[in-house]
Amino acid sequence: MIESNVDLQPLNTLAIDACAAHFARVETLEDLREALHFARAGKLPILPLGGGSNIVLTGNFPGLVIHLDMRGLELEEVAGGTRVSAAAGENWHGLVMHTVERGLGGLENLALIPGRIGAAPIQNIGAYGVELRDSFYDLQAVHIPTGELHEFTAVDCQFGYRDSVFKGRARDQYIITRVRLHLSEEWSAHTEYPALKHYLDEHHEGAGPLTPVEIAHAVTAIRNSKLPDPAQIPNAGSFFKNPVVGDEDYHRLKAAFPDLVAFPFEGRWKLAAGWLIDQAGWRGYRRDSVGVHDRQALVLVNPGRGSGAEVTGLAFDIATDIRDKFGVELEPEPRYYP
Ligand code: FAD
Ligand code: EPU
1437 MIESNVDLQP LNTLAIDACA AHFARVETLE DLREALHFAR AGKLPILPLG GGSNIVLTGN
1497 FPGLVIHLDM RGLELEEVAG GTRVSAAAGE NWHGLVMHTV ERGLGGLENL ALIPGRIGAA
1557 PIQNIGAYGV ELRDSFYDLQ AVHIPTGELH EFTAVDCQFG YRDSVFKGRA RDQYIITRVR
1617 LHLSEEWSAH TEYPALKHYL DEHHEGAGPL TPVEIAHAVT AIRNSKLPDP AQIPNAGSFF
1677 KNPVVGDEDY HRLKAAFPDL VAFPFEGRWK LAAGWLIDQA GWRGYRRDSV GVHDRQALVL
1737 VNPGRGSGAE VTGLAFDIAT DIRDKFGVEL EPEPRYYP
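Just add 1436 to the spot in the sequence shown (first one is 1) and you have my numbering.
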């Protein structure tokens, strides 16, 4: 069941050419435990892999890549709404459409985010004013050092903006095997995000109130208009997080750049990194195999299927330029391996 020297290019959406020294595709908890046993015996580092849409392979991976391919999706009516239970290997967008097509609201703003359910809690995926944590119930994960199954509530997960306990204290300690969501029967539409509001003002002509499926279709249309499809133009979505700064930095920047795009965020200010990178002149930039998407400057692209070094070299140059021009630090959103 363990393969050697497996090509990871088809398994990462940046289409970086890299290999895994060892590779296991797991469909059951039993498969996963065997794979972990193999890694422990060989003292190998582990890379849990879902859809590969939020990783940057900077070289070959010297350990064991565990491709989470467990399937299963169940909906259950419970007091106050619907409980959704999904195995780690299920496709995220498939789950969103499965729920909204049944009239269930809660996930519609998160339509078309690539990847699998097991990875969704890692960075608390978010889009168009909604995050995973808004409908999260609990998850089940295997503790890598012991093989034990642990449950995590929303509080345990410590969700934040593009953040969770799995990027902090519990980093590299767990493999998520199942996620449960709660879709409340008291649903209301979240259409305040500027691009979504604008789109609906222009396109929604129906007399009745918006339904979850209509919002999912609107979000899909907006995303298709500015984000590159990884199957056509390899990319990992937003390459940097939107930086969060205090009042002093915000007022300094706003005075120098009156058009600065920023939103109040937990008592501070979240800056649109795409705006900063765009203003610095990088949008549409090309260098060898890599570049910056021409419709969204926060997205780095790899149309020439270049190496991880080319991608990270470009990211480094952009971050340096943004520090020089604006005094703002950019932090990559995808995780670099190895
Ligand atoms: P992978 O890339 O396979 O893994 C990501 C990280 O999670 C890795 O560190 C991996 O080891 C870890 N991991 C994966 N599965 C597990 C598991 N079962 N247990 C433990 N660790 C695991 N993100 C957003 O939040 N909002 C967006 O709007 C958005 N838009 C995107 C648009 C595009 C075009 C692309 C390419 C990406 C976008 N992303 C977005 C980023 C990405 O889709 C999400 O981060 C997604 O959750 C990654 O899922 P994945 O299965 O591909 O994870
Ligand atoms: N902008 C520009 N130029 C650009 C790109 C953006 O001026 O080239 C401006 C836009 O005009 C807008 C603002 O920046 O005023 C924000 O842009 P957008 O609405 O496209 O969102 P974003 O902040 O760039 C974030 C997430 C996306 C998510 C969208 C929608 C992060 C790091 N990124 O992008 O998530 O889909 O909001 O909610 O938070 C991802 O994480 O991979 C991802 C795609």
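Ideal Cβ placement from N, Cα and C applies to all residues, glycine included.
Note that this is a predicted model, so its numbers are computed, not measured.
Check: Taking the C-alpha atoms as reference points, what is the distance between GLY1776 and PRO1648?; Outcome: Outside the shown range of the chain, which is 1437 to 1774, sits residue 1776, and nothing can be said about it.
Check: Buried or exposed for PRO1700, please, with buried defined as at least 16 other CB atoms from any protein chain shown within 10 angstroms of its CB.; Outcome: exposed
Check: For LEU1472, does the three-state DSSP call read helix, strand or coil?; Outcome: helix
Check: Kindly indicate which three-state DSSP category ARG1723 falls into: helix, strand or coil?; Outcome: strand
Check: Look at the Cβ atom of GLY1486, then the Cβ atom of LEU1500, and state whether they are nearer than 8 angstroms.; Outcome: no
Check: So the beta strand (DSSP E) SER1661 belongs to, where does it begin and stop?; Outcome: First-last for SER1661: 1648-1662, but that is the alpha helix (DSSP H), not the beta strand (DSSP E).
Check: Quick check on the DSSP output: the beta strand (DSSP E) that includes ALA1457 runs from which residue to which?; Outcome: 1455-1462
Check: My parser needs the beta strand (DSSP E) runs of 3 or more residues fully inside the region 1485-1550; what are they?; Outcome: 1491-1493, 1497-1504, 1509-1514 and 1517-1523
Check: DSSP three-state label for LEU1617, please.; Outcome: strand
Check: What's the gap between the Cα of VAL1601 and the Cα of ILE1558?; Outcome: 8 angstroms
Check: Looking at the secondary structure, which residues open and close the beta strand (DSSP E) in which ALA1692 lies?; Outcome: Not the beta strand (DSSP E): ALA1692 falls in the alpha helix (DSSP H), residues 1683-1692.
Check: I'd like the list of long-range same chain contacts for GLY1517, defined as Cβ closer than 7 angstroms, with 5 residues on each side in sequence excluded.; Outcome: HIS1618, LEU1619, SER1620 and GLU1621
Check: Return the CA-CA distance between ASP1757 and ALA1709, expressed in angstroms with no decimal places.; Outcome: 12 angstroms
Check: For the region 1661-1679 against the region 1760-1769, do three or more pairs of beta-carbon atoms, one drawn from each stretch, fall closer than 8 angstroms, so that the two count as touching?; Outcome: yes
Check: Check whether the Cβ atoms of ALA1733 and SER1489 lie closer than 8 angstroms to each other.; Outcome: no
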